[in-house]
Amino acid sequence: MSLLVETIKVENGMLQNINLHNERMIKSLYEVFGLRKGPDLDKIINVPSFAIKGTYKCRVEYNEEITRIEFLPYLFRSISSLKMVIDDDISYPYKYIKRDTIQRLMEMRGNCDDILIIKKGMVTDSSGI
Numbered sequence: 001m002s003l004l005v006e007t008i009k010v011e012n013g014m015l016q017n018i019n020l021h022n023e024r025m026i027k028s029l030y031e032v033f034g035l036r037k038g039p040d041l042d043k044i045i046n047v048p049s050f051a052i053k054g055t056y057k058c059r060v061e062y063n064e065e066i067t068r069i070e071f072l073p074y075l076f077r078s079i080s081s082l083k084m085v086i087d088d089d090i091s092y093p094y095k096y097i098k099r100d101t102i103q104r105l106m107e108m109r110g111n112c113d114d115i116l117i118i119k120k121g122m123v124t125d126s127s128g129i
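Per the numbering used here, the sequence shown starts with residue 1, numbered consecutively.
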């Protein structure tokens, strides 16, 4: 099974929407692994000095335990074209590192920058890649 991931925006040293990330992580730990309690990300993530100014992303990889925490520059992608791709069967209730289904849909984008995923006539997501 692929590791799960939380990607948290860090703005001038502050973890953004950390409560929502904690909630999603705890829910995923319970539903995927049966664990009733998860770590408090706000207490275990230490923002390094280089991420105190500017915008970064904190990437937390985990399964039953946190396996990796890393800070990367936040790169703003320029999106000028989108392709609608239909997949009525797509299901991704958890944020896994391995995203084969979304990658398969991305391969259908042609010359477009990104995709809009359409499921049963509704826009559900973009690739987030």
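Beta carbons are placed, not taken as given, at the ideal position from N, Cα and C, and that holds for glycine.
Point to revise | Own chain, CB closer than 8 Å to VAL10, minus 5 neighbours either side, in chain order | key: Apart from the 5 residues on each side of it in sequence, VAL10 sits with its Cβ closer than 8 Å to the Cβ of GLN16, VAL47, ALA51, THR55, TYR56, LYS57, CYS58, PHE71 and TYR74 in its chain, given in chain order.
Check your understanding: Ends of the beta strand (DSSP E) at ARG59?
Key -> Here the beta strand (DSSP E) through ARG59 covers 55-62.
**Study point:** Start-end ranges of the alpha helix (DSSP H) lying completely within the stretch 33-112, minimum 4 residues
**Key:** Runs found: 41-44 and 100-106.
**Study point:** Limits of the beta strand (DSSP E) - the one that SER126 falls within
**Key:** Run containing SER126: 122-126, per the beta strand (DSSP E) assignment.
Check your understanding: When DSSP builds the beta bridges, which residues end up paired with MET14?
Key -> GLU11.
**Study point:** Distance between beta carbons of ARG109 and LYS83, contact taken as under 8 Å
**Key:** Yes, LYS83 and ARG109 are in contact; Cβ-Cβ is about 5 Å, under 8 Å.
Check your understanding: Any idea if SER28 is buried or exposed, counting beta-carbon neighbours within 10 angstroms, 16 or more meaning buried?
Key -> Burial of SER28 is indicated by the presence of at least 16 other C-beta atoms within 10 angstroms of its C-beta.
Practice item. Give a yes or no on whether the C-beta atoms belonging to TYR96 and VAL5 are separated by under 8 Å. Key: Yes, the pair counts as a contact, with Cβ atoms nearer than the cut-off.
Check your understanding: Assuming PRO39 and ILE66 make a contact with CB atoms under 8 Å, what is their CB distance in whole Å?
Key -> Right, their Cβ atoms sit about 6 Å apart.
Exercise for review: Could you tell me which of HIS21, ASN12 and VAL85 sits nearest to TYR62, measuring between CA atoms?
Suggested key: Of the listed residues, the one whose Cα sits closest to TYR62 is HIS21.
Check your understanding: What number of angstroms, rounded off, separates the C-alpha of ILE86 from the C-alpha of GLN103?
Key -> Note on geometry: alpha-carbon atoms of ILE86 and GLN103 lie some 14 Å from one another.
Practice item. Return the CA-CA distance between ILE69 and VAL32, expressed in angstroms with no decimal places. Key: Near 20 Å, if we compare the C-alpha coordinates of VAL32 and ILE69.
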